[in-house]
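Just below is one structure, and these are the notes that go with it.
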Amino acid sequence: MSVKTYKEAGVDIEAAEEFIRKIKPLIKSTHQPGVLSEIGGFSGLFSLKGLNLAEPVLVSATDGVGTKLLLAELLGKYDTIGQDLVAMCVDDVVVCGAKPLFFLDYIATGQLEAAKMEAFIRGVVKGCQLAECALIGGETAELPGLYEPGKFDVAGFCVGVVDRARIIDGRSCQPGDKVIGLASSGLHSNGYSLVRRLFSPEELSSSL
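In structure tokens:
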């Protein structure tokens, strides 16, 4: 029998719409006065009115969580990956002295697994709440043939703002300046290609 529908081709539009319906309240919990758009539109809108900056400069960053996704699969825990994703992007914005304004996420998967993806979005929402930025949009792409069932990848995008006079870019550093080192709370989301080879799956699952 020839394939005639998206669902027969491996793309379940109804499941995707139901997924979006379920996560809408979560996403709205991150919204701030600057958010002008509703969830589900083609783009997200954010007003800069009221920021009271002399010369506002937008700062953007995009990132992923790399092979830490494989550990999420090993542990069956996906909410922390969402929080990690926000942190990876927000950290790249705040180092310039900027305040994060809004965040967008991208999910690519072979087959939409609603429970798994809802856990991930809950993590994204928590990350946005901690960073005090709004989740104003995203994309969930079901790509059978490109990703095997059960496999997925994620990316995040963050935009912040800073007054031009307060941009931090290293140009003011001078000989004699002090360097302050802060202890990390963990491995975060960098270096997991090496970490996964240093420890066995059993060691990772029991210690992370």
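Residue numbers (the numbering used here): 69 to 276. All residues carry an ideal CB built from backbone N, CA and C; glycine is no exception. Keep in mind the model is a prediction, meaning the values are calculated, not measured.
Assigned with DSSP and collapsed to three states, P101 falls in coil, not helix or strand. Residue burial annotation: L139 is buried, with at least 16 other C-beta atoms found within 10 angstroms of its C-beta. G150 carries a helical assignment under DSSP once its states are collapsed to helix, strand and coil. Nearest C-alpha to D231 among L126, L94 and I88: L126. Rounded to the nearest angstrom, the Cβ distance from G206 to L172 is 5 Å, consistent with a contact under 8 Å. Per DSSP, the continuous beta strand (DSSP E) segment holding E210 begins and ends at A202 to E210. In the same chain as C157, and ignoring 5 residues on each side of it, the C-beta atoms closer than 6 Å to its own belong to A129, D131, G224 and C226, in chain order.
F188 has its alpha-carbon roughly 34 Å from the corresponding atom of R234. Residue pairing from DSSP places F220 in a beta bridge opposite T177. One thing to note: G178 has its Cβ within 8 Å of the Cβ of G218. G228 sits in a strand when the DSSP states are folded into three classes. The three-state reading of DSSP puts F171 in strand, counting E and B together.
The shortest C-alpha to C-alpha distance from L180 to any of Y74, F87 and S70 is the one to F87.
Taking the CA atoms as reference points, I81 sits about 14 Å from A176. For L126, no alpha helix (DSSP H) encloses it; the enclosing beta strand (DSSP E) starts and ends at P124 to D131. When rounded, the separation of the alpha-carbon atoms in Y215 and L104 is 34 Å. Between V133 and S257, the C-beta spacing is below 8 Å. By the Cβ-count criterion, T73 is exposed, with fewer than 16 other Cβ atoms from all chains shown falling within 10 Å of its own Cβ. For P168, the closest C-alpha among the options F267, K90, K246 and Q100 is that of Q100. At a Cβ-Cβ threshold of 8 Å, V193 and I95 count as neighbours. When the alpha-carbon of C164 is set against those of F170, A77, F220 and R239, the nearest one is in R239.
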